[in-house]
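Engineer: Numbering (our numbering), first residue to last: 5 to 348.
(1) Measure the C-alpha to C-alpha separation of residue 233 and residue 241 and round it to an integer number of angstroms.
(2) Enumerate in chain order the residues of its own chain whose CB-to-CB distance from residue 320 is below 8 Å, with the five nearest sequence positions on each side excluded.
(3) In its own chain, which residues sit with a C-beta less than 7 Å from the C-beta of residue 84, not counting the 5 before and 5 after it?
(4) Any heavy atom of the ligand NAP closer than 7 Å to the Cβ of residue 225?
(5) Unbroken beta strand (DSSP E) runs of length 3 or more, entirely within the segment 152-183: which are they?
(6) Less than 8 Å separating the beta-carbons of residue 294 and residue 341?
(7) Look up residue 79 in the DSSP assignment and say whether it is helix, strand or coil.
(8) Pairs of beta-carbons, one from the segment 62-78 and one from the segment 109-127, closer than 8 Å: are there three or more?
(9) So what does DSSP say about residue 18, is it helix, strand or coil?
(10) Go through its chain and collect everything with a Cβ distance to residue 253's Cβ below 6 Å, but skip five positions before and after it.
(11) Identify whether residue 267 lies in helix, strand or coil by the three-state DSSP scheme.
(12) With a 10 Å radius around its C-beta and 16 neighbouring C-beta atoms as the bar for buried, classify residue 148 as buried or exposed.
(13) Over what stretch of residues does the beta strand (DSSP E) that includes residue 129 continue unbroken?
(14) Do we get a CB-CB distance below 8 Å when we pair residue 268 with the residues of chain B?
(15) Quick check on the DSSP output: the alpha helix (DSSP H) that includes residue 279 runs from which residue to which?
(16) Going by DSSP, what residue range makes up the alpha helix (DSSP H) through residue 209?
(17) Check for me: the beta strand (DSSP E) holding residue 257 runs from which residue to which?
(18) Cβ atoms of residue 260 and residue 228: under 8 Å apart, would you say?
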């Protein structure tokens with residue numbers, strides 16, 4: 005390893021956290037015999053000797069908070085990041101912002117880099133933290149990082165015990181469904197997203213229960229998978245039209261991006277919103293006001309959500325007692341895209 009050898013590279017090879025390496029080197033008693041042996045073997049292998057500067061830096065605070073988001077092109081994440089950034093500045097910290105739009109490998113790489121650059125805490129938004137699937141290797145990395153610095157997630161990362169600040173997904177879908185049912189809709193489709201994403205899965209489960217609670221028939225054909233994008237919503241809505249079965253009178257889009265694609269598909273098929281098909285979405289980003297007709301959307305109050313995330317992070321940095329799970333409520337913003345069902 006040569007000149008690149010440091011406590012972080014030693015930690016990775018030994019399979020422990022950098023703080024464990026540091027405790028071994030300072031002769032701390034708070035290290036298990038097994039971990040101490042692993043670290044000492046790597047140190048002896050490379051004859052590692054830390055210089056004075058490195059020892060000094062290990063006690064220096066960075067005042068940097070890492071923000072790791074799934075995709076900054078999505079206005080939901082860009083708005084949430086903006087709110088977090090403002091709050092971070094209020095506390096005198098500096099944000100380090102990364103987008104894992106290229107996938108799982110990039111997300112793990114950025115998490116490691118944030119750790120190596122000694123951020124004081126990390127906020128994970130979407131991506132792996134919103135997956136229902138267990139990725140043991142990634143969970144191990146997160147748990148290693150958590151030994152030294154707090155991690156707060158907007159999801160629930162399986163295999164870890166990260167602090168969570170979550171949107172009330174069930175409450176959000178209840179707002180959308182209650183609104184449409186009160187308008188007289190009984191054939192309601194959910195378009196966009198995938199079941200392996202926890203937030204989508206939770207919405208779909210509650211959606212089915214609400215139908216049953218209201219004596220309405222659940223039709224699996226009204227659940228359409230797609231990417232969380234404009235093109236994804238467009239293609240998914242086209243598939244509903246291609247089935248040539250009874251069309252829904254209302255559609256719930258998984259997010260505002262998908263809703264734009266759904267709108268285009270509906271209009272291309274010669275139908276009007278909301279006269280023929282009502283449309284409700286989630287996120288209430290700037291898109292909801294920019295499209296025609298203006299989009300009824302469930303708002304997660306992203307400014308307040310971001311503030312709550314960072315206040316939680318600051319409390320953890322300062323060793324305050326913080327609940328393991330906090331939930332952020334949603335509200336429905338009614339605009340032009342949802343209306344009373346017109347058919348008999």
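The C-beta atom is built at its ideal place from N, Cα and C for all residues, glycine as well.
Structural biologist: Per the coordinate set shown:
(1) In the chain shown, counting from the first residue as 1, residue 233 sits at position 229. In the chain shown, counting from the first residue as 1, residue 241 sits at position 237. Taking the straight line joining both Cα atoms gives about 12 Å.
(2) For the purposes of this step, residue 320 is taken as the residue at position 316 of the chain shown. Excluding sequence neighbours, residue 320 sits near 125, 154, 156, 167 and 326.
(3) Residue numbering aside, residue 84 sits at position 80 when the chain shown is read from its first letter. Result list for residue 84: 129, 306, 309 and 310, in chain order.
(4) Questions concerning the ligand NAP fall outside what the structure shown contains, since it holds no ligand whatsoever.
(5) 155-157 and 167-171
(6) As a working mapping, residue 294 is identified with position 290 in the chain shown. As a working mapping, residue 341 is identified with position 337 in the chain shown. No. Outside cutoff.
(7) In the chain shown, counting from the first residue as 1, residue 79 sits at position 75. DSSP places residue 79 in helix when its eight states are reduced to three.
(8) yes
(9) Here residue 18 corresponds to residue number 14 of the chain shown, with the count starting at 1. If DSSP states are grouped into helix, strand and coil, residue 18 belongs with the helices.
(10) Walking along the chain shown from the start, residue 253 turns up at place 249. Contacts found: 189, 191 and 345.
(11) One-based indexing of the chain shown puts residue 267 at position 263. In this structure, residue 267 counts as helix in the three-state DSSP scheme.
(12) Sequence index remark: in the chain shown, residue 148 carries index 144 (1-based). The residue is buried, with at least 16 neighbouring Cβ atoms inside 10 Å.
(13) Here residue 129 is taken as the residue at index 125 of the chain shown, counted from 1. Its beta strand (DSSP E) spans residues 125-129.
(14) Protein chain content of the structure displayed is limited to a single chain, and chain B is not contained in it.
(15) Sequence index remark: in the chain shown, residue 279 carries index 275 (1-based). For residue 279, there is no enclosing alpha helix (DSSP H), as DSSP gives it neither H nor E.
(16) Within the chain shown, the letter at position 205 stands for residue 209. That run of the alpha helix (DSSP H) goes 202-217.
(17) The residue labelled residue 257 in the question sits at position 253 within the chain shown. Segment 254-257, the beta strand (DSSP E) holding residue 257.
(18) As a position in the chain shown, residue 228 is number 224, starting the count at 1. As a position in the chain shown, residue 260 is number 256, starting the count at 1. Contact flag unset, no.
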